[in-house]
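What follows is a short report on a single structure.
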Amino acid sequence: SGERERQPDPTGAGEITMYYQPQIAIATGEVVGVEALLRWRHPRRGMVDPGELIQVAEQSAVMRLLTRRVVDDVVEQLAKWTAAGTDLRAALNVSVRDLHTGEVADQIADRLTRFGVRPDRLQVEITEGALMADPRRVLATISQLHRIGVGIALDDFGTGYSSLQHLRRLPLSEVKVDRSFVLGMTEDADDAAIVRSMIELAGALGLRVVAEGVEDERTWRLLHAAGCDVAQGWFYARPMPAEELTGWLARYR
Ligand code: G
Ligand code: G
Ligand code: NA
Ligand code: MN
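Position one of the sequence shown corresponds to residue 586 (full-length UniProt numbering), numbered consecutively onward.
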């Protein structure tokens with residue numbers, strides 16, 4: 586949030602901020618949601634992508650704090666959009682370890698109530714890796730989120746193990762086709778075939794399909810022809826701060 590960002594940083598470690606990347610319904614061109622992506626504004630290195638930060642954080646209690654911060658920021662942002670009449674859904678990422686206790690689900694329930702945000706405005710993205718680590722506890726957390734009414738997306742679909750079992754057993758609302766397959770679609774017939782099969786499979790199971798990493802119009806066309814529901818990628822927009830998104834949405838319409 587803006588106020589927090591303008592505060593001086595006594596630790597010198599930089600600031601955490603959320604960026605939002607639009608997700609577009611392929612059939613209508615409508616913006617249906619955004620994915621919240623963490624960014625680290627480093628005092629010397631500038632804006633750093635979260636990959637490195639999250640890898641380090643996951644080794645310690647820091648991840649728990651980061652996730653708390655992400656949930657707070659995203660739910661508060663959803664409340665602002667709702668108040669402004671902007672009808673957006675937001676997805677946030679949680680790490681594998683976040684799902685080993687019910688804490689994140691309790692926090693999400695608490696914040697949704699406190700900010701008066703409808704649970705179906707929020708979606709939580711999980712990766713298949715989460716299920717490998719501790720399937721029973723992870724499933725309990727995911728089920729808790731599902732009962733609250735929060736959507737669950739299976740992220741990076743196609744890169745994990747036993748994907749088909751997860752599709753059947755988890756209370757999912759969406760699968761996100763991993764960008765490694767989408768990026769290759771226009772050049773590689775196998776990648777294109779894999780993406781088409783994933784779209785068909787997810788559709789048959791009643792799940793919304795999101796293609797991530799859509800970088801050009803040819804990829805968008807292939808996805809349209811394949812009946813993919815939603816696209817996300819640089820072809821439409823890069824992840825951006827919430828303040829920038831407002832202007833982007835106005836220009837997009
Ligand atoms: O935005 P970018 O492509 O740099 O993200 C790199 C990785 O960091 C991706 O795997 C993404 O899922 C992950 N990531 C981004 N934001 C968050 C977050 O808020 N929490 C968690 N756990 N992972 C995130
Ligand atoms: O692991 P996850 O799927 O959450 O990672 C999402 C990451 O993908 C984000 O960090 C974002 O920066 C990145 N991303 C978003 N759109 C594109 C795109 O069109 N091309 C590529 N290469 N990366 C993208
Ligand atoms: Na994600
Ligand atoms: Mn992904």
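A virtual CB, placed ideally from N, CA and C, is assigned to each residue, including glycine. Just so you know, these numbers come straight off a predicted model, no measurement behind them.
For T698, three-class secondary structure by DSSP
T698 falls in the helix class under three-state DSSP.
Do V681 and A725 come within 8 angstroms of each other at the CB atom, strictly closer than that value?
no
For F742, which residues in the same chain have their Cβ closer than 7 angstroms to its Cβ, ignoring the five residues on either side in sequence?
S748, V760, K761, V762, D763, M783
What does the Cβ neighbour count give for L830, buried or exposed, with the cut at 16 atoms within 10 Å?
buried
Quick one: Cα of P633 to Cα of Y604, how far?
The residue you asked about is not Pro; residue 633 is Val in the sequence shown. In a straight line, the C-alpha of V633 is about 12 angstroms away from that of Y604.
Return yes when at least one heavy atom of ligand 1 lies under 7 angstroms from the C-beta of D634, else no.
For ligand 1, at least one heavy atom lies less than 7 angstroms from the Cβ of D634.
Can you tell me whether DSSP reads T602 as helix, strand or coil?
In the three-state scheme derived from DSSP, where H, G and I count as helix and E and B as strand, T602 is classed as strand.
DSSP state of M825, grouped into three classes?
strand
Contact the segment 636 to 649 vs the segment 726 to 742: 3+ CB pairs below 8 angstroms:
no
Strictly by DSSP, which residues pair up with G736?
Residue pairing of G736 in beta bridges, as defined by DSSP: Q708.
With DSSP run on the structure shown, which of helix, strand or coil describes W819?
coil
Going residue by residue through the segment 769 to 825, where are the continuous beta strand (DSSP E) segments of at least 3 residues, counting only ones entirely within it?
793 to 797, 815 to 817
Where does E590 sit, in a helix, a strand or coil, going by DSSP?
Only weak support exists for where E590 lies, its pLDDT of 49 falling under 50; the coordinates are left without a value.
Is it true that the CB of G812 sits closer than 8 angstroms to the CB of G798?
If you check the CB distance, G798 and G812 do not come in under 8 angstroms.
Within the present structure, is the beta-carbon of E800 separated from the nearest heavy atom of ligand 4 by less than 7 angstroms?
For E800, the shortest C-beta to heavy atom distance toward ligand 4 is 7 angstroms or greater.
Run through the segment 615 to 665 for me and flag every whole alpha helix (DSSP H) of 4 or more residues, listed as ranges in chain order.
635 to 642
Does I693 come out as helix, strand or coil in the three-state DSSP assignment?
helix
In whole angstroms, give me the CA-to-CA distance for A610 and R706.
16 angstroms
For W753, is the classification buried or exposed, using 16 other Cβ atoms within 10 angstroms of its Cβ as the cut-off for buried?
Note that residue 753 corresponds to Arg in the displayed sequence, not to Trp. It counts as exposed.
Roughly how many whole angstroms lie between the Cα atoms of D775 and E785?
15 angstroms
Cβ neighbours of R626 in the same chain (closer than 7 angstroms, five flanking residues each side left out):
G599, E600, T602, M632
beta-carbon K665 near ligand 4 non-hydrogen atom, thresh 7 angstroms:
no
8 angstroms Cβ shell around S758 - same chain, five flanking residues per side excluded
Q708, G736, I737, A738, L792, R793
Along the chain, where does the alpha helix (DSSP H) that runs through A715 open and close?
714 to 718
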